[in-house]
Structures are given as structure tokens and as C-alpha cells.
Amino acid sequence: MTAKLGSRIPFKFYYDNLSQPCRALEVFFKRNQIACELKMVNLGKMEHMTEEFGKLNPFQKVPVIDDDGFVLTESVAIFRHICRTRKIDDNWYPADAIARAKVDEYIEWQHIGIRAPCALFAFAVFFTPKITGQAPNPRQIEARKTSAIKACDDINDVWLNGKQFVAGEQISFADLLAACELQQLLLTDLDPKEGRPNLAAWMERVRQLTNPHFDEAAARLVKISKKHASSKL
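This is the structure we're talking about:
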């Protein structure tokens with residue numbers, strides 16, 4: 001039976017913090033002191049491809065939660081479910097219809113607007129060569145970098161135009177999703193903050209409002225990105 005509103009029953013959270021939406025959820029859970037049991041699924045070791053994990057999520061992806069037998073396998077659905085069943089501060093997903101709609105607006109845009117271009121660029125630069133052992137394709141890299149630059153510009157020029165946060169004047173889950181996607185660019189040569197003052201100031205606001213959890217969730221990514229950068233020297 002699914003936990004009722006205000007429940008303190010811990011749920012199981014299957015995640016890998018190299019995954020952007022996993023990091024966003026991890027920070028959200030810890031920042032709101034939501035009781036959960038962390039279950040690391042190492043994507044690099046292909047732990048998501050095991051038969052056991054496939055029974056939990058046939059799509060064999062993270063994040064996943066198991067809330068007292070109720071399983072969800074998509075990050076935004078997980079976020080909304082937790083908002084409905086646990087007590088969280090209103091700013092993360094406001095009760096006010098208009099304020100909530102602005103959060104939803106960003107969440108719906110983000111899949112194609114920023115997640116696809118930034119993730120595909122990071123994949124082409126870092127993950128694909130690691131998996132295949134082949135050098136990155138220069139033409140593909142350039143095309144994907146152009147798309148990622150456009151996504152960064154959209155955050156700076158549109159979503160943060162005249163606002164402190166992407167959905168308004170208070171931090172929300174939309175900001176965690178956006179910041180964690182942009183963070184993935186640490187694996188590339190594209191610094192989203194460079195030449196984008198709105199974005200740079202906003203990322204620092206998000207970090208300060210969610211630390212130490214934001215830095216903790218990103219620690220593995222930062223370590224890997226530094227190792228990758230030094231290997232190219």
C-alpha cells in the first residue's frame with residue numbers, strides 16, 4: 001500500500017549519481033529530509049542490466065523508487081508522487097495553481113530543451129569513447145556542442161530573464177533539474193557559466209540553497225571530470 005500524505009515510511013531509491021535526474025532527486029530528498037533508503041545502481045558496472053534490476057524496472061534505467069511495493073520509474077513522476085505523499089516546503093512544487101504551472105512549464109520543456117542537447121553532447125565527448133574505445137567523431141561533437149550552447153543560452157536569456165530562478169522568485173524542483181543537467185557539461189569543454197551572467201549567478205544560488213547536498217551529490221561527477229581533463233593534458 002502506498003504511503004499516505006505526511007508518511008515517514010522510508011522508500012527505496014535506486015539511483016546512480018552520475019545520472020542528472022538521479023542527482024536532482026537525491027538533492028531534493030536530502031534537502032527536504034525525506035526518509036529514503038539509498039540503493040546505488042552502478043551504471044558503469046552495468047548493474048542496471050541485471051535480471052534482478054530488470055524485474056524492478058523493465059526499461060533497466062534509473063532512477064526508480066519502491067514506495068512500500070509501489071514502483072515508479074520516471075524522475076518527474078517520482079518527484080510528483082513524493083510531493084503528494086510527503087510533506088515538503090511549498091516552494092519546491094507550489095500549491096498555487098499559477099506558480100505550479102510555471103514549474104510544470106519548465107519541467108515539460110526541459111526534456112527536449114536542455115536534457116537532450118546537454119546529455120547527448122556529454123555522451124559523445126565522454127561516455128561513448130569510454131564504452132566503445134573509439135575516438136570521438138569531430139563532426140558529431142561540433143553539432144552536439146552547438147545544440148548544447150543553444151540550450152545554455154536559452155536558460156540564461158529566457159528562463160532566467162528578470163528572474164532569480166527558472167520558474168519564478170523561489171527555488172523549485174525545476175532549478176534542480178536544470179542545474180544538474182548543466183552540471184553534466186563538466187565532462188566536456190563547454191562551461192555553461194562562461195559569458196552567461198544570469199546562469200552563473202543562478203547556479204551559485206541553487207548550490208548555496210541546497211548545500212551540502214548539492215556538492216555531495218556531484219562529488220563523483222567532479223572527481224571523474226577532473227581525471228578526464230588531466231588525462232588529456
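Numbering of the sequence shown is given in the working numbering, commencing with residue 1 and proceeding in unit increments.
Here a beta-carbon is modelled for each residue, glycine too, at the ideal position from N, C-alpha and C.
It should be emphasised that the depicted structure is a prediction, and the values quoted were computed from it without experimental measurement.
- DSSP places V71 in the strand class (E or B) of the three-state scheme.
- Secondary structure at G168: strand, using DSSP grouped into helix, strand and coil.
- For M40, the uninterrupted beta strand (DSSP E) run begins and ends at 36-40, by DSSP.
- In the DSSP assignment, K150 falls within the alpha helix (DSSP H) that extends over 138-154.
- In this model, F11 and R139 are separated by some 44 Å (Cα to Cα).
- Close CB contacts of Y14 within its chain, under the 6 Å cut and outside five residues either way in sequence, are with K39, V41, V62, V64 (chain order).
- Between the region 195-215 and the region 43-59 there are fewer than three C-beta pairs closer than 8 Å, too few to call the two in contact.
- Taking 8 Å as the cut-off, the Cβ atoms of F165 and D175 count as close.
- In the assembly as shown, T132 is an exposed residue. Its beta-carbon has fewer than 16 other beta-carbons within 10 Å.
- F173 sits in a helix when the DSSP states are folded into three classes.
- Non-local C-beta neighbours of E37 in its own chain, meaning closer than 8 Å and more than five positions away in sequence, comprise P10, F11, K12, F13, ordered along the chain.
- Under the three-state reduction of DSSP output, I9 falls in the coil class, being neither helix nor strand.
- In the structure shown, the three-state DSSP call for D189 is coil.
- With contacts defined as CB atoms closer than 8 Å, A151 and I114 qualify as a contacting pair.
- Residue burial annotation: R23 is buried, with at least 16 other C-beta atoms found within 10 angstroms of its C-beta.
- For Y15, the pairing in a beta bridge is given by DSSP as M40.
- Residue pairing by DSSP places I65 opposite F13, L72 in a beta bridge.
- Between W92 and F29, the CB-CB gap reaches or exceeds 8 Å.
- Residue burial is scored here from C-beta neighbours: M49 has fewer than 16 other C-beta atoms within 10 angstroms and is therefore classed as exposed.
- In the structure shown, P58 adopts coil according to DSSP, grouped into three states.
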